[in-house]
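Numbering (UniProt numbering), first residue to last: 1 to 939.
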């Protein structure tokens, strides 16, 4: 072997050595017989370096996985003998191999097993057992091989082909017939021999039993001697966690429902007799987490059996199983309420399924009602934050609790389905008790009380929540909301309580339609130190969004408070200057919501048109003035960081103005509000930024977005600004600039159609020249980013042509002069045939079909008929015949469909149909011929 290359296998080796080692590995993989050197090195123990041994196993792994069928009988025999020899050597070595080597060896053995077991090595496991005997080191390797085999045959995370799946099924069937009983006996011997002397080996064996029990005969494991031994392991501290997992797999095994109930009940009786059901005396939380998982499996297994028995009408056995389930509920509750969330989380599945079972019963017994209430109280308690929860710097533990809360929320929803009245009463009791003395309560209790009210909105059916429909008798929810907004709880000094208060206020906004007298106090809370001016930036950010939602949902009730609110948020609307050291209360993203809120307040007010116009101008004029000043500063700025900061600030200004226009709906146009003039002023203010030579990408992006909005809001009034804006945006543009500019032109074209025909005719070829120039720029072959940008630009170009033709303005293309028209048409043909991009091909065929429809008659442009014969018809056949035309791809199928539509359109226009038939005859022997005949058969 190349000794120098092997030096690169050391993790601490230099980069050059590591690259040489990688190249050497690739060389050995493709060499027909170099693997034999690795086999010899392993069999004769030539190398002591762990990384070299691992390397040798990797080479053998590749040989078995990809090239085994190419080997001769002698070579295959050599691999078998090499592995067995290596295994024998482990029995006498003074030191065992490192874990990563043993795992890799086990993977290689497993690969050889799936390849040879059915044909050349039927005694695979017996041969291994004969080598390892009861040697601990050998048993370790034997168990690792078993786990690797299980991973190859059963692991659902591994994607198998249908052929591999059939092979694996045959392998399992053959193993069940030939060797599984012997393997099970070996497991029993390992467990019996090493349970007190080698806990690591015993745990490995328990893992193997748990893995295999899912697909072997359960009676081999679920028998007196095995179960007694496993239960014995439950009392051995170093074994009981693994024993728990093994018992869980046994319980999880698919079985006849009656047999499953008997097995589970027998197991539970023994566990209970051993004192394992007394949870409060167990201090080992790691074991309890595994035990909770086991009880969860037991409960779910019994409920599944009950469901099957009810379904087949075996009511007697179903009743017996139900009693068995009920007997486990007390233990389930102990685990659910446990202070450790992992233990509680592991039992939630049982709780959820139990509640689902109760929902199906016609009548609940008193005990079952008590169980429902106990689960409810447990959920309410477990929803509570721990004192250690870090709200300022949430980490992994906090994220896990958030996920745990989501599980509890599902339980609460299920509780509401079983007994909505009980849930409502329970939450109301907790809520009222807590808020009566909220000043003396810890934040956890106050937060969860409000949280429960918040969760009721989704948990309770509509008939119970009533959504505050205004009945004469106030609902429980209405009473709780009244208490929430009048109790002063919004002043509680903890971020979790503050956020929960505002989240709940917004969730139940319909309450304020019924009792609008509470709106002023809530608005003040939003606007002062409790909300938008809170000391915590995370709170301020969330409140910005919630305030926007609150105002939108109650816009009809906001009229008395509009000017007061606008005055109070004035300082929050200021454009943050890009000066060092200035810390704005809100980020620019948060300010977007505030500007939108201001726009909503103005537009939906009951003020006169003149007043709305004045308010909107007051809102936007400071932005425009600040924009002008900042643009002047940008033009003379020398420092690049300073330039970027100014450009971002300018972009934010445009974004804020754009966001205010979101308040206008189809019913409430800008013109009706008298605000057209102020937005036109904004346009005149922002458009000069397009001619700024600095930070063009940022500035153009913001102005483009504003133009998109103004096309919707101002309609034809925006048209005079488009030519100048387009001229600036087409200067010195790159692929991304063009890609983002084209949708703007498409929007204008689709909306105004013939109104913009003169403009389109004027800018059509300049736009195309800019596109072609970018597309023809040379790029490196391996520059994936540049290739993707060009692909996306090409798609945008074809989308533009589709918009022009689809909007009835094909004359825009026709009036560009014969040479330019021909060039455009050839790019469409090229897009349909030459580029392996089915999305672009589909668009191209749509364009061609439309052009044939518009120009295919007698009145079409001179020479177009010949173009149809010479180029469009051949393109319809050449494209599907390309090797890159993959009909397994959905987009390609759509492209093929549009291709057929194009041919059909040509046929319907009756343009020299005989020529089309001639082309059809040429390809009838191909796969595409039948499809085309099918398309034309109705014609």
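Note that beta-carbon positions come from the ideal geometry of N, C-alpha and C, so glycine has one too.
Source: prediction; values computed, not measured.
*Within the region 711 to 755, ranges of the alpha helix (DSSP H) (whole runs, at least 4 residues)*: 722 to 729, 735 to 752
_Between the region 700 to 718 and the region 679 to 691, can you find at least three pairs of beta-carbon atoms closer than 8 angstroms?_
yes
*Spatially closest choice to residue 759 from 741, 291, 721, by CA coordinates*: 721
*Buried or exposed: where does residue 471 fall if 16 or more other Cβ atoms within 10 Å of its Cβ makes it buried?*
Note that residue 471 has pLDDT 46, beneath the 50 cutoff, so the model's placement of it is unreliable and the number below is only indicative. With fewer than 16 Cβ atoms within 10 Å of its Cβ, residue 471 is classed as exposed.
*Using a beta-carbon distance below 8 angstroms, is residue 149 in contact with chain B?*
Among the protein chains of the structure shown there is no chain B, as only one such chain exists.
_Contact set for residue 777: own chain, Cβ-Cβ below 7 angstroms, skip 5 residues either direction_ = none
*Option in 577, 105, 641, 545 with minimal Cα separation from residue 596*: 545
*State buried or exposed for residue 608, treating a residue as buried only when at least 16 other CB atoms are found within 10 Å of its CB.*
exposed
*Counting Cβ pairs, one atom from each stretch, are 3 or more of them under 8 angstroms apart for the region 236 to 244 and the region 278 to 298?*
yes
*What are the uninterrupted segments assigned as alpha helix (DSSP H) that are 4 or more residues long and contained completely in the region 264 to 349, given in chain order?*
285 to 312, 315 to 336, 341 to 345
_Taking a contact to mean a Cβ-Cβ separation below 8 angstroms, would you say residue 603 touches residue 657 in this structure?_
no
_Which same chain residues end up closer than 7 angstroms to residue 753 when comparing Cβ atoms and leaving out the 5 residues on each side of it in sequence?_
807, 808, 809
_Buried versus exposed call for residue 838 [16 or more other C-beta atoms within 10 Å across all chains shown]_ = buried
*Nearest to residue 38 by alpha carbon, out of 830, 86, 72, 336?*
86
_Helix, strand or coil at residue 618 [DSSP, three-state]_ = helix
*Rounded to whole angstroms, what's the CA-CA distance from residue 756 to residue 716? Just pull it up for me.*
10 angstroms
_Among 518, 494, 30, whose alpha-carbon lies nearest the alpha-carbon of residue 439?_
494
_8 angstroms contact criterion, which residue 856 and residue 813 should meet: CB distance rounded_ = Contact flag wrong, Cβ pair sits at about 15 angstroms.
*Can you tell which of 268, 506, 508 has the C-alpha that lies nearest to the C-alpha of residue 228?*
268
_Spatially closest choice to residue 634 from 621, 390, 651, 619, by CA coordinates_ = 651
_Sufficient close CB pairs (3 or more, under 8 angstroms) joining the region 147 to 154 to the region 168 to 179_ = yes
_For residue 67 and residue 116, what's the separation of their Cα atoms in angstroms?_
14 angstroms
*Coarse secondary structure for residue 768, derived from DSSP in three states*: helix
*According to the neighbour-count rule (16 or more other Cβ atoms, all chains shown, within 10 Å of its Cβ), is residue 334 buried or exposed?*
buried
*In angstroms with no decimal places, state the Cα-to-Cα distance between residue 873 and residue 847.*
14 angstroms
*Which residue's Cα is closest to the Cα of residue 57: 93, 72, 107, 577?*
107
*Going by C-alpha distance, which of 724, 711, 719, 770 is nearest residue 738?*
770
*Length of the line joining the Cα atoms of residue 392 and residue 401*: 15 angstroms
*Could you say which of 297, 273, 230, 226 lies nearest to residue 254 if we only look at CA atoms?*
297
*Compare the C-alpha of residue 303 against each of 321, 286, 315 and name the closest.*
321
_Residues in the same chain with beta-carbon distance under 7 angstroms from residue 277, minus the five sequence neighbours each way, listed in chain order, please._
271, 331
*Tell me whether residue 254 sits in a helix, a strand or coil according to DSSP, three-state version.*
coil
*Note down, in chain order, each residue of its chain lying with its Cβ closer than 8 angstroms to the Cβ of residue 637, except the 5 sequence neighbours on either side.*
643, 646, 694
*With distances taken between CB atoms, is the gap from residue 90 to residue 133 smaller than 8 angstroms?*
no
*Which full runs of the beta strand (DSSP E) of 3+ residues lie inside the region 218 to 245, going along the chain?*
none
*Exposed or buried, residue 640, counting other C-beta atoms within 10 Å across all chains shown (16 or more means buried)?*
exposed
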